Structure formats: structure tokens, C-alpha cells
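The numbers in my numbering rise by one with no breaks, and the one at position 43 of the sequence shown is 50. All C-beta atoms in this analysis are idealised placements derived from N, C-alpha and C, irrespective of residue type, glycine included. Model, not experiment: these values are computed from the prediction. Here is the structure we will look at, set down as C-alpha cells.
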Amino acid sequence: MSQANSKFTVLDSWSFGGGTALMLQIGHRQSFDVDIFIDDPQVLPYLNPQTQGFALDIHPEAYTFDGTRALKIVFKDIGEIDFIVATHLTSEPTREREIRGQKVYLETPAEIVAKKIFYRGASVQPRDMFDIACVRESEGHDYLVEALIPFKESCARALKTARMMDARLAEAVMSKLLYQSKYFRIPSQAQQMTIEILETICGPEPPTET
8 MSQANSKFTV
18 LDSWSFGGGT
28 ALMLQIGHRQ
38 SFDVDIFIDD
48 PQVLPYLNPQ
58 TQGFALDIHP
68 EAYTFDGTRA
78 LKIVFKDIGE
88 IDFIVATHLT
98 SEPTREREIR
108 GQKVYLETPA
118 EIVAKKIFYR
128 GASVQPRDMF
138 DIACVRESEG
148 HDYLVEALIP
158 FKESCARALK
168 TARMMDARLA
178 EAVMSKLLYQ
188 SKYFRIPSQA
198 QQMTIEILET
208 ICGPEPPTET
């Protein structure tokens, strides 16, 4: 990003979110991907090392650019950097923090979970449920409910998916995550914890007619 801004300011507003940003705050699991959120899609082409000729110590293996919402830069055996166009969703979306000597606006756990639910909804994955459950463990049930209440429709879509997901499959996927020992119970509990949070917002499942 510093190279993108070397001649003139291309990017002056961005935040660091996603699983790695969450890891830095609650230490729940290892994550190697970097999600950078920006609010202007016109900036994306100027962040592409392939077209801008940036000097990099490690060259990316692949790029994916949809032209409007996201740029993915893949580094083999290391991880990915995703530049994503998305607005903030919560009232206090970021915290200022120094990372490797640079001031960074780190997205709060509430903002990270809100984005997962709002943008993924019915596509919520076991890893998302793991992260949601870990935030509940770290910050509390009410903390998450307050963050998600404004997005009831997205919560309802995510709730439907969470209820329908095969519990054994979800636990098997989450068990493969590189989670920290204090969260060792989460893979077996995350699906139900996620359902409970979403049911607090959407209401319980209606009884089956007989």
C-alpha cells in the first residue's frame, strides 16, 4: 500500500479485518490471510502488483480481480491478501493499533462478525461459526447480539444455514483449524452457540405442525 501511495495518495482510508485481525485480538486460532477493507472500488486497480509494477520480496503465485468488489493476491505456501470493497457496519468498527511499527485501524470483533453475517448470510461456513463462537467466549453473548440486531434478515439466512448444516461435518471441518488450546471445546459447540446467538435476534424455530 505504501508503494501505491508513493506518487500520490491512492488509498487514505482502510481497515484490517477478517480472521487474522480477529486472531490478533482474541488469540483464538492461527490465520495467515490478510483482509483489507476499503470503501472505494476505483482504488482496486491501483493496488494490483501485477499491473502496477510494485517491487516485492515475494512474488505472488496468482491474482483474482472481479473489477468491482475484490482483489485477491495469492502467495504460495504463505497465504492471501484480499482487498475488499465494503462499508463499516457497526457504530465503533475499528480500534487504532500499532502493528510492526505502523498505525493500523483494526476492525473490532463485533465488526468482523457483523461482516461475516451481513455479507455471507446463507453462505456462512463452519469456520465462520468457529470465529463467532470464539468471540462469544471472549466478549460475551450480549456483545454479539448488540452488533447483529440491525441485520436481522441476514441473521435469519445464516440461522437457516446453521440449522441445516450437518453437525458432524461442521465439527470435522472446525477440528482441522489451528485453534489455541483454550478454545479446544469450540469445534463441538460452535454450531449450537451460533444458532443460539442468531435465535436471540430472530426468534426460536417454530414448532413443527402435527
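Below 8 Å, how does it come out for the region 181-190 and the region 161-172: are there three or more Cβ pairs, yes or no? no
Compare the C-alpha of Arg36 against each of Ala140, Glu153, Val152 and name the closest. Ala140
Considering just the uninterrupted stretch of the beta strand (DSSP E) at Thr75, what are its terminal residues? First-last for Thr75: undefined, no H or E at that position.
Could you tell me which residues DSSP puts in a beta bridge with Asp42? Gly24, Asp89
Would you give the residue range spanned by the beta strand (DSSP E) that Gln109 belongs to? 109-114
Could you compute how far the alpha carbon of Gly34 sits from the alpha carbon of Pro116? 12 Å
Within a Cβ cutoff of 7 Å, which residues of the same chain sit near Lys110, ignoring the five residues on either side of it in sequence? Glu103
Could you check what DSSP says for Thr201 in three-state terms: helix, strand or coil? helix
Use the C-beta contact count for Leu51: other C-beta atoms within 10 angstroms, 16 or more gives buried, fewer gives exposed. buried
Need the endpoints of the beta strand (DSSP E) that Arg104 sits in, please. 101-106
Return yes when at least one heavy atom of the ligand COA lies under 7 Å from the C-beta of Ile139, else no. The model on display carries no ligand, and the ligand COA is accordingly not part of it.
Grab the span of the alpha helix (DSSP H) containing Tyr150 for me, first residue to last. 148-155
Within the same chain, show all residues whose beta-carbon is closer than 7 Å to that of Cys209, passing over the 5 residues directly before and after it, in chain order. Lys159, Cys162, Ala163, Leu166
Can you check which of these residues, Tyr150, Phe23, Val41, Gln132, is closest to Leu176 by C-alpha distance? Gln132
Assuming Ser182 contacts Glu114 under a Cβ cut-off of 8 Å, what Cβ separation, rounded to an integer in Å, is found between them? That belief does not hold up - the Cβ atoms of Ser182 and Glu114 are roughly 27 Å apart, past 8 Å.
Any idea what DSSP makes of Arg175, helix, strand or coil? helix
Roughly how many whole angstroms lie between the Cα atoms of Ile211 and His148? It is Pro, not Ile, that sits at residue 211 in the sequence shown. In a straight line, the C-alpha of Pro211 is about 16 Å away from that of His148.
Mind reading off the beta-carbon distance from Ile88 to Ile80? Whole number of angstroms is fine, and I expect it under 8 Å. 5 Å
Rounded to the nearest angstrom, what separates Ala121 and Gln32 at their Cα positions? 16 Å
Measure how close the beta-carbons of Thr75 and Pro48 come, nearest whole angstrom, since I'm counting them as under 8 Å. 5 Å
Gly26 and Asp138 - do their beta-carbons sit closer together than 8 Å? yes
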